[in-house]
Amino acid sequence: MWYDKSKATMRKGFSMKQVTLGRTGITVNRNGFGALPVQRVSKEEGARLLRKAFDNGINFFDTARAYTDSEEKIGLGLSDVRDRIILATKTGQTTPEGFWKDLETSLSLLKTDHVDIYQFHNPAFCPKPGDGSGLYEAMLEAKKQGKIRFIGITNHRLAVAREAVESGLYDTLQFPFSYLASEKEEELVRLCAEKNVGFICMKALSGGLITRSDAAYAYLAQFENTLPIWGIQRESELDKFLSYQDNPPALTPEMTALIEKDRRELAGEFCRGCGYCMPCPQGIEINTCARMSLLLRRSPAAGWLSEQGQAMMKKVENCVQCGQCKAKCPYGLDTPALLRRNYEDYQTFLK
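Mapping of the sequence shown onto numbering that gives the first Met the number 0: residues 0 to 350, in sequence order.
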């Protein structure tokens with residue numbers, strides 16, 4: 000059933016926290032909608048959630064060409080209110096030909112003639128004019144043609160992110176940022192403010208390892224230039240973030256203690272679940288298996304210990320140490336070793 004607009008709590012006239020994305024001048028609701036998870040639900044359900052978000056004041060939607068049918072669902076649910084929303088999408092292509100193919104596909108699926116923020120999707124280097132790739136030149140041409148308004152980049156590599164911000168070539172940066180961030184990552188947020196570059200937070204819940212969204216929201220609110228994009232696929236998740244609009248969580252002493260406890264527990268090397276190591280040639284679901292120990296301890300364990308969960312983890316035995324996942328990890332983790340340790344720990348829960 001389509002979302003019943005008559006039952007919506009319309010946000011017009013309500014005072015909601017907003018954030019401006021640096022030099023773009025784009026000012027939006029502090030709750031951004033991360034549309035990666037909506038690829039996991041039906042087209043009707045995805046479009047319904049997107050529409051409910053809009054009807055309740057959310058006006059920034061982030062997706063990517065790589066997110067299967069996410070763009071199509073945004074086009075289905077929001078094309079009739081295009082002039083009242085901000086759309087950000089991404090291309091992971093490495094050639095100008097691929098760039099243009101992705102952009103035209105995105106415009107068609109989103110049912111629009113322009114993208115507000117077009118982002119390079121986690122490139123291994125910082126595209127620049129004259130670097131030989133032709134990618135940045137393609138961005139400039141797309142902007143000249145009016146098909147994009149602003150140029151952005153997403154990354155998981157701190158060095159690439161800093162280079163992009165300091166280059167003066169990018170209007171926005173999208174980077175993982177949560178209360179598990181290091182001082183270097185907090186410095187990156189401050190650098191964006193200094194350089195007037197919009198900062199879009201991905202992984203604000205650290206791929207599900209942070210289980211208190213109120214604490215996550217309160218922590219990020221300290222950094223006024225940050226725009227969190229919450230990955231949403233369930234109505235209950237959306238409702239929770241909508242509730243923060245009129246009643247924003249405060250960073251209480253109890254929350255501060257919780258954050259410090261989580262930081263101690265999750266200190267060191269751990270898989271963030273970004274998925275850039277995938278696919279595995281042996282069919283191992285690396286981005287879940289490599290952090291199973293934490294998932295077992297930070298969420299209800301029964302689901303992970305089910306027959307399906309056991310079958311997923313057993314595939315770790317098929318690892319041939321090819322090193323492909325390790326080479327692709329933006330955090331430099333020894334992924335095969337992480338898989339082995341998590342599998343050994345997992346087996347203790349089955350005894």
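Glycine residues also receive a C-beta, built at the ideal position from the N, C-alpha and C atoms.
It should be emphasised that the depicted structure is a prediction, and the values quoted were computed from it without experimental measurement.
* Asked: From the DSSP output, which residues share a beta bridge with residue 119?
  -> Position 120 of the sequence shown holds residue 119. For residue 119, DSSP records a beta bridge to 90, 152.
* Per DSSP, residue 303 forms a beta bridge with which residues? -> Your numbering for residue 303 matches position 304 in the sequence shown. Looking at the DSSP assignment, residue 303 forms no beta bridge with any residue, so it has no partner.
* Check residue 11 in the structure and name its three-state DSSP category. => The count along the sequence shown starts at 1 and reaches residue 11 at position 12. At residue 11, the pLDDT of 45 sits below 50, so the modelled position is not reliable and the matter cannot be decided from this model.
* Asked: Between the C-alpha atoms of residue 186 and residue 119, what's the straight-line distance to the nearest angstrom?
  -> Residue numbering aside, residue 186 sits at position 187 when the sequence shown is read from its first letter. Residue numbering aside, residue 119 sits at position 120 when the sequence shown is read from its first letter. Cα-Cα distance, rounded: 22 Å.
* To do: Tell me whether residue 177 is buried or exposed, calling it buried when 16 or more other Cβ atoms sit within 10 Å of its Cβ.
  => In the sequence shown, counting from the first residue as 1, residue 177 sits at position 178. Flag for residue 177 reads buried.
* Can you round the beta-carbon distance between residue 209 and residue 215 to whole angstroms, since I take them to be within the 8 Å contact cut? -> By 1-based counting over the sequence shown, the position of residue 209 is 210. By 1-based counting over the sequence shown, the position of residue 215 is 216. With 8 Å as the limit, residue 209 and residue 215 qualify as a contact, their Cβ atoms being about 5 Å apart.
* Asked: Is residue 21 near residue 61, with beta carbons less than 8 Å apart?
  -> By one-based count along the sequence shown, residue 21 stands at place 22. By one-based count along the sequence shown, residue 61 stands at place 62. For the 8 Å CB-CB criterion, residue 21 and residue 61 do not form a contact.
* Stretch-stretch touch, CB-based, cutoff 8 Å, three pairs: the stretch 223 to 233 with the stretch 24 to 42 -> These segments touch.
* Rounded straight-line distance, which links the Cα of residue 268 to that of residue 333 -> Here residue 333 corresponds to residue number 334 of the sequence shown, with the count starting at 1. Here residue 268 corresponds to residue number 269 of the sequence shown, with the count starting at 1. The straight-line gap separating the alpha-carbon atoms of residue 333 and residue 268 is approximately 9 Å.
* Asked: Contact check, residue 356 vs residue 337 under 8 Å by CB: the rounded distance?
  -> Here the chain covers residues 0 to 350 and nothing more, so residue 356 does not appear.
* 6 Å Cβ shell around residue 213 - same chain, five flanking residues per side excluded -> The residue you call residue 213 lines up with position 214 of the sequence shown. If you ignore the 5 residues before and after residue 213, its C-beta comes within less than 6 Å of the C-beta of 248, all in its own chain and listed in chain order.
* Asked: Looking at C-beta atoms only, is the number of pairs between the stretch 277 to 285 and the stretch 200 to 207 that lie closer than 8 Å three or more?
  -> Counting Cβ pairs under 8 Å, fewer than three are found: no touch.
* Mind listing, in chain order, the continuous alpha helix (DSSP H) runs of no fewer than 4 residues lying wholly within the stretch 49 to 115? => For the stretch 49 to 115, the continuous alpha helix (DSSP H) assignments of 4+ residues that do not extend past its boundaries occur at 69 to 77, 95 to 109, in sequence order.
* **Segment contact flag, the stretch 249 to 265 with the stretch 48 to 65, C-beta cutoff 8 Å, min 3 pairs** => No, because fewer than three Cβ pairs between the stretch 249 to 265 and the stretch 48 to 65 fall closer than 8 Å, the two stretches do not touch.
* To do: Determine the extent of the alpha helix (DSSP H) in which residue 335 is found, giving its start and end residues.
  => Working through the sequence shown from its first residue, we reach residue 335 at position 336. For residue 335, the enclosing alpha helix (DSSP H) stretches over residues 334 to 349.
* Can you tell me whether residue 260 is buried or exposed, with buried defined as 16 or more other CB within 10 angstroms of its CB? -> Residue numbering aside, residue 260 sits at position 261 when the sequence shown is read from its first letter. When all chains shown are included, residue 260 counts as exposed.
* beta strand (DSSP E) containing residue 200: first to last residue? -> Reading the sequence shown from its first residue, position 201 is the one you call residue 200. For residue 200, the uninterrupted beta strand (DSSP E) run begins and ends at 197 to 201, by DSSP.
* Distance between residue 139 and residue 107 (C-alpha atoms, nearest Å) -> For the purposes of this step, residue 107 is taken as residue 108 along the sequence shown, with counting starting at 1. For the purposes of this step, residue 139 is taken as residue 140 along the sequence shown, with counting starting at 1. Note on geometry: alpha-carbon atoms of residue 107 and residue 139 lie some 20 Å from one another.
* Asked: Distance, Cα to Cα, residue 272 vs residue 330?
  -> Sequence index remark: in the sequence shown, residue 272 carries index 273 (1-based). Sequence index remark: in the sequence shown, residue 330 carries index 331 (1-based). So the alpha carbons of these two residues sit roughly 11 Å apart.
* Check residue 294 in the structure and name its three-state DSSP category. => In the sequence shown, counting from the first residue as 1, residue 294 sits at position 295. Looking at residue 294 - three-state DSSP - the assignment turns out to be helix.
* Asked: According to the neighbour-count rule (16 or more other Cβ atoms, all chains shown, within 10 Å of its Cβ), is residue 151 buried or exposed?
  -> On the sequence shown, position 152 is the one that residue 151 refers to. The residue is buried, with at least 16 neighbouring Cβ atoms inside 10 Å.
* To do: Kindly indicate the opening and closing residues of the alpha helix (DSSP H) around residue 319.
  => The residue given as residue 319 occupies position 320 in the sequence shown. Residue 319 -> no alpha helix (DSSP H), and no H or E assigned at all.
* N- and C-terminal bounds of the alpha helix (DSSP H) containing residue 159 -> If you number the sequence shown from 1, residue 159 lands on position 160. For residue 159, the enclosing alpha helix (DSSP H) stretches over residues 157 to 166.
* Asked: So who's on the other strand from residue 32, going by DSSP bridges?
  -> For this step, residue 32 is matched to residue 33 along the sequence shown. Its beta-bridge partners are 60, 229.
* Asked: Ordered along the chain, which non-local residues of its own chain (more than five positions away) have a Cβ less than 7 Å from that of residue 173?
  -> Position 174 of the sequence shown, counted from the first residue, corresponds to residue 173. Its chain contains 118, 151, 153, 199, 201 as the residues whose beta carbon lies nearer than 7 Å to that of residue 173, once the 5 sequence neighbours on both sides are disregarded; these appear in chain order.
* To do: Tell whether a beta-carbon distance below 8 Å holds between residue 63 and residue 88.
  => Numbered from 1 along the sequence shown, position 64 holds the residue referred to as residue 63. Numbered from 1 along the sequence shown, position 89 holds the residue referred to as residue 88. Pairing residue 63 with residue 88 gives a Cβ-Cβ distance under 8 Å.
* To do: Could you spell out where the alpha helix (DSSP H) holding residue 139 opens and where it closes?
  => In the sequence shown, counting from the first residue as 1, residue 139 sits at position 140. Counting along the chain, residue 139 sits inside the alpha helix (DSSP H) bounded by residues 134 to 143.
* To do: Helix, strand or coil for residue 40, going by three-state DSSP, please let me know.
  => Taking the first residue of the sequence shown as position 1, residue 40 is located at position 41. Looking at residue 40 - three-state DSSP - the assignment turns out to be coil, as it is neither helix nor strand.
* Quick one: what's got a C-beta closer than 7 Å to residue 39's C-beta in the same chain, skipping five residues either side? -> If you number the sequence shown from 1, residue 39 lands on position 40. The answer, listed in chain order, is 232.
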